[in-house]
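Contents: one structure, followed by commentary.
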Amino acid sequence: MSQHPGPAHENDTAKPPPVEGSRYFDWLDRRIGFRQMSREALFENIPGGARWRYIWGSTLTFTFLVQIITGCALWMAYSPSSQTAWESVFYIQNHMAGGWVLRGIHHYVAQAMNILLVLHLMQVVIDGAYKAPREMNFWMGLVLLTLVLALSLTGYLLPWDQKGYWATKVATNIAAITPIVGPGLQKVIIGGADYGHHTLTRFFALHAGVIPFTCVALIAWHVALFRRHGITAKKPLRKRDATFWPDQLLMDAVACLAIMGAVMVLVLMNHGAELGPPADPSDNFSAARPEWYFLFLFQFLKYFPGGTEVFGAIVIPGVIMLVLFLMPLFGNSRRGHRFNVGFLCFLIAGAAVLTWLAIREDRNRPEIVVAKQQAVETADRIKDLANSPQGIPPTGAITLLRTDPFTQGPKLFAKYCASCHRFDGHDGTGLKLKDAPTASDLKGFGSREWVGGLLDPDQVSGAHYFGGTKFKNGKMVKFVTKKVRAFTPEQKAQLTNVLMAISAEAGLKSQKQLDAASTTQIEAGKVAFKDQIGCAECHQFHSKDADASGPDLTGWGSREWLTGMISNPKSARYYGDDNDRMPAFAEEKILDAQSIALLADWLRGEWYQPAEVAGNQ
Amino acid sequence: MSHEPEPSHAHTHCGCATTDRPGRREFFKKTLTIVVGMAAILAPIGVAISVLLDPLRRSGKGERLVRVASLNAVPIDGTPRKFAVVADRTDAWNKYPNTPIGAVYLRRTGDDKVEALNVVCPHAGGFVDYNAANKCFLCPLHNSEFSLDGTILDPKSPAPRAMDSLKVEIRDGEIWVAFQNFRAGTRDKIPA
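See below:
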């Protein structure tokens with residue numbers, strides 16, 4: 039057993055024979071006294087021996103350390119601005135070696151910390167470790183709890199995705215309802231009147247600098263005070279006393295390994311942390327929810343009618359925090375202690391019930407389910423777009439989504455078209471509507487299948503085509519239901535060629551190979567259209583006819599034809615005065631040219647597809 | 394003065410003795426604690442190092458043939474002129490189409506002959522200026538002097554090698570340069 043080195047002059051003679059390298063440690067120890075420090079840190083007495091119920095403080099310290107390690111590595115690749123935050127996280131997640139694992143660990147360990155905090159608090163309150171003379175340490179713990187929650191809140195925004203953006207916006211709006219200082223406080227927090235670059239720089243500075251720095255200082259103090267007062271041993275003491283090293287530390291290490299094991303399982307199962315679509319201030323995300331451990335607060339606020347939110351958001355949580363802070367003052371009596379334990383159990387049970395209610399409510403709301411599904415699809419989509427040869431432009435990834443027909447088409451359709459039309463029976467986004475459609479279903483518009491249905495006597499007057507329109511009993515429907523139904527086999531063959539010819543006008547990408555393989559039939563169809571089966575009586579088709587009463591089918595379904603139709607269906611080229619309710623979206627300035635083009639491209643199935651997907655089609 | 398625990402007698406600094414422990418068991422427990430603790434922290438540290446060292450996987454763009462200027466834009470009298478090299482650039486997640494990626498000095502050595510030098514000083518990577526009065530290139534940072542063909546003019550120049558020449562192609566009156574950056578501070582011309 040070596041003597042503990044004290045001051046240099048009294049220690050020199052008592053030293054054991056020098057071991058290789060030990061004199062260097064001795065030199066260092068005389069200057070910084072690391073041996074005494076490590077002894078004090080490691081040989082803490084554990085009355086009654088090591089126990090699993092004492093692990094929570096150590097596991098919290100461990101998870102905090104993990105967050106510092108992973109956070110520093112993330113910091114080296116993260117760029118806090120509204121044009122680069124999501125993009126840099128995307129790059130970490132998809133292009134840096136091990137980036138998705140790093141992010142995943144940081145994400146799930148953050149969640150584990152919140153669980154561990156509650157467990158630590160429960161252990162401290164149940165074991166009475168908050169009682170005198172440990173009041174200061176308990177209060178410091180509560181401050182640390184608040185700081186860790188603040189870390190979670192600030193970290194949630196940093197990826198700058200739709201979920202984090204809208205959920206945090208709600209949280210900072212709530213801050214604004216604080217009496218007197220609220221509006222100013224909100225501006226200071228978000229760095230201005232609205233979310234932007236300075237929101238991110240501030241949140242990042244808080245998340246990676248101010249709060250962790252404060253936490254480190256408080257944890258050091260917290261542990262020092264804990265060591266000063268010693269462990270609050272659970273009575274009765276079952277075993278003989280032990281030391282922190284290695285007895286308790288072994289249990290702590292096993293617990294830390296178990297936590298990391300669970301975290302790694304979650305990371306590998308979910309391929310790291312979720313990264314939603316980039317934040318879009320112009321497109322509200324109705325399924326934006328805070329992280330699960332804040333859901334109880336989110337749900338709680340639903341019960342406060344307009345004008346009383348301040349009670350749900352500030353007053354009641356404030357009173358709860360006050361009661362928690364006062365616990366040590368009335369915890370010395372048996373009754374007071376029981377109240378504390380009961381109050382804490384009530385809080386946890388209440389939070390659990392509110393969380394469950396929030397989840398259940400969301401599951402039962404179709405629009406939330408659809409919005410969540412859409413967010414997953416958009417997140418996959420933006421990944422394809424960002425990895426495309428075009429890459430992410432300097433204006434940010436959101437530009438890619440805003441100019442992507444696959445993303446914008448369904449939204450535009452749901453907003454502007456689905457009041458009459460349907461797309462495969464839904465509103466374009468997947469939401470089934472209660473009202474019956476009053477115009478055609480445009481899924482597959484331009485394809486042979488779609489035209490074939492239109493020329494089918496059994497379908498033309500159905501809801502899929504003209505059934506809900508004023509053309510239900512019009513010339514076209516009569517032509518198909520009467521004349522086409524009576525076609526001879528030869529005429530039916532000609533009709534097939536005609537539908538091929540009309541569909542080929544659309545020039546759909548999905549039908550390119552089919553059209554190329556049917557040039558003879560398409561040419562025959564053009565002839566049949568004009569001369570053989572009667573289409574030319576109403577429609578123009580590659581030739582002028584002043585008497586034509588139906589839409590001009592030259593270029594039917596092409597991008598140019600479709601954008602013209604959406605822009606102004608009242609034009610003589612389309613339905614003229616016979617137009618049935620469809621607005622002239624461009625003429626009436628309902629949609630701009632870009633939106634109309636996006637809608638047309640989406641209906642035609644024209645959007646960027648990654649090579650392997652495009653190759654499979 | 395406190396004592397470290399002996400292998401067979403665990404002591405604490407407060408003097409509360411624990412039971413006698415076989416040294417082997419104690420050693421096993423300590424080793425296990427260290428192994429388990431290290432296993433717990435291994436993944437976060439490993440993956441943090443992996444991301445930290447990610448830049449080592451990235452290499453330069455290599456040689457890129459870029460149209461730089463028309464032949465008419467280069468003075469006929471052999472005076473060098475600086476031109477920006479404009480090409481697509483990738484910066485981590487961003488792609489910038491047609492953006493300056495560097496600059497070259499072009500100098501006519503005949504009616505349809507042009508030499509190209511990368512403007513980057515091979516010493517420390519500063520941009521070299523053309524000194525019209527002395528008809529030479531001068532680095533404003535550490536005063537390396539180069540002649541018009543890029544060779545070191547002043548032997549006291551700190552530059553370890555001549556300015557980096559680049560391959561040139563003339564196509565229909567347009568000058569195309571095989572643009573590339575090279576490592577600074579080395580005697581050999583090593584692609585960056």
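Chains B and A, in that order, give the protein sequences. Each residue of the first sequence is one higher than the one before, starting from 39 at the first, in the working numbering. Each residue of the second sequence is one higher than the one before, starting from 394 at the first, in the working numbering. Ideal Cβ placement from N, Cα and C applies to all residues, glycine included.
Could you check the C-alpha separation between LEU591/B and LYS506/A for me, to the nearest Å? CA-to-CA, the gap between LEU591/B and LYS506/A works out to about 59 Å.
Output, in sequence order along the chain, the residues in the segment 95 to 112 of chain B whose CB is closer than 8 Å to any CB in chain A. Those would be PHE100, LEU103, VAL104, ILE107, THR108, CYS110, ALA111 and LEU112, in chain order.
Using a beta-carbon distance below 8 Å, is SER120/B in contact with chain A? No - not a single Cβ of chain A is within 8 Å of the one on SER120/B.
Could you give the residue range of the alpha helix (DSSP H) that holds SER96/B? 94 to 113 is the extent of the alpha helix (DSSP H) around SER96/B.
In chain order, what residues of the same chain have a beta carbon less than 7 Å from the beta carbon of CYS409/A, not counting five sequence neighbours either side? Confidence at CYS409/A is low in this model, with a pLDDT of 44, below 50, so its placement is unreliable and no value can be given for it.
I need the DSSP call for ASP590/B, collapsed to helix, strand or coil. Per DSSP, reduced to three states, the secondary structure at ASP590/B is coil, with no helix or strand assignment.
Taking only the alpha-carbon atoms, compute the straight-line gap between ALA167/B and LEU392/B and give it to the nearest angstrom. Rounded to whole angstroms, ALA167/B to LEU392/B spans 28 Å at the Cα level.
VAL440/A touches chain B at which residues, Cβ-Cβ below 8 Å? Here the neighbours are THR108, ALA111, GLY136, VAL139, LEU140 and ILE143.
Please return the same chain residues whose Cβ sits closer than 7 Å to the Cβ of GLU125/B, not counting the five positions on each side in sequence. By the criterion of a C-beta distance shorter than 7 Å, GLU125/B is surrounded in its chain by ILE430, GLY434 and ALA435, once the five residues flanking it on both sides are discounted.
Would a C-beta distance cut-off of 8 Å place ASP285/B and ILE84/B closer than the cut-off? Cβ distance < 8 Å, so ASP285/B and ILE84/B count as in contact.
For the beta strand (DSSP E) holding ASN175/B, just list the boundary residues, first then last. Per DSSP, ASN175/B belongs to no beta strand (DSSP E); it is in the alpha helix (DSSP H), 173 to 195.
Pairwise C-alpha distance: THR601/B and MET538/B: A direct Cα-Cα distance of roughly 22 Å separates MET538/B from THR601/B.
Less than 6 Å between C-beta atoms, sequence neighbours within five positions excluded: which residues of the same chain meet that for LEU183/B? The beta carbon of LEU183/B is closer than 6 Å to those of LEU155 in its chain, skipping five residues each way along the sequence.
Which residues of the segment 286 to 312 of chain B have a Cβ closer than 7 Å to any Cβ of chain A? Give them in chain order. The segment 286 to 312 of chain B vs chain A, Cβ under 7 Å: LEU287, LEU288, ALA291, VAL292, CYS294, LEU295, MET298 and MET302.
Mind checking GLU598/B: buried by the 16 CB within 10 Å criterion, or exposed? GLU598/B sits exposed, since fewer than 16 C-beta atoms from the chains shown fall within 10 Å of its C-beta.
Alpha helix (DSSP H) runs contained entirely in the segment 279 to 329 of chain B, provided each spans 4 or more residues: As far as the segment 279 to 329 of chain B is concerned, its whole alpha helix (DSSP H) runs of at least 4 residues are 287 to 307.
Of the residues ARG265/B, ASN211/B and CYS294/B, the one placed nearest ILE434/A, counting alpha carbons only: Of the candidates ARG265/B, ASN211/B and CYS294/B, CYS294/B places its Cα closest to the Cα of ILE434/A.
I want to verify the contact list: residues of chain A whose CB lies under 7 Å from the CB of SER126/B, in sequence order. Neighbours of SER126/B on chain A, chain order: TRP486.
Can you list the residues of chain B that LEU667/A reaches, using a CB-CB cut of under 8 Å? Nothing about residue 667/A can be reported from this structure: the residues present for chain A run from 394 to 585 only.
For the putative contact between TYR498/A and VAL512/A, defined by C-beta atoms under 8 Å, what is the C-beta separation to the nearest angstrom? Yes, TYR498/A and VAL512/A are in contact; Cβ-Cβ is about 6 Å, under 8 Å.
Hey, could you find the ends of the alpha helix (DSSP H) CYS383/B is sitting in? Here the alpha helix (DSSP H) through CYS383/B covers 372 to 401.
Looking at the secondary structure, which residues open and close the alpha helix (DSSP H) in which ARG523/B lies? Run containing ARG523/B: none; DSSP gives neither H nor E here.
Are there three or more Cβ pairs, one per stretch, closer than 8 Å when the segment 466 to 474 of chain B is compared with the segment 398 to 409 of chain B? Contact holds: three or more Cβ-Cβ distances are below 8 Å.
Expressed to the nearest angstrom, what Euclidean distance is found between the alpha-carbon atoms of ILE583/A and GLN573/A? Answer to the nearest angstrom: the Cα atoms are 10 Å apart.
For VAL479/A, the nearest candidate out of TRP569/A, PRO553/A, GLY471/A and ARG580/A (CA to CA): Answer by Cα proximity: TRP569/A.
Between PRO607/B and chain A, is there a C-beta pair that is closer than 8 Å? Not a single CB atom of chain A sits nearer than 8 Å to the CB of PRO607/B.
Going by DSSP, what residue range makes up the beta strand (DSSP E) through THR426/A? THR426/A -> not in any beta strand (DSSP E); alpha helix (DSSP H) instead, spanning 416 to 445.
Which residue comes first and which comes last in the alpha helix (DSSP H) that contains VAL536/B? The continuous alpha helix (DSSP H) containing VAL536/B extends over residues 527 to 544.
Is the shortest distance between the beta-carbon of PRO432/B and the beta-carbons of chain A less than 8 Å? The C-beta of PRO432/B comes closer than 8 Å to at least one C-beta of chain A.
With burial defined as no fewer than 16 other Cβ atoms inside 10 Å of the residue's Cβ, what is the status of LEU21/B: buried or exposed? The structure shown does not extend to residue 21/B, since chain B is modelled only from 39 to 655, so the question has no answer here.
Verify the CB distance criterion: does ASP50/B have a CB-CB separation below 8 Å to chain A? With a pLDDT of only 45 at ASP50/B, under 50, the local geometry of the prediction cannot be trusted, and no value is derived from it.
Beta-bridge partners of VAL479/A, as assigned by DSSP: According to DSSP, VAL479/A bridges with PRO493/A.
Does ALA477/A get closer than 8 Å to chain B when you measure Cβ to Cβ? No - not a single Cβ of chain B is within 8 Å of the one on ALA477/A.
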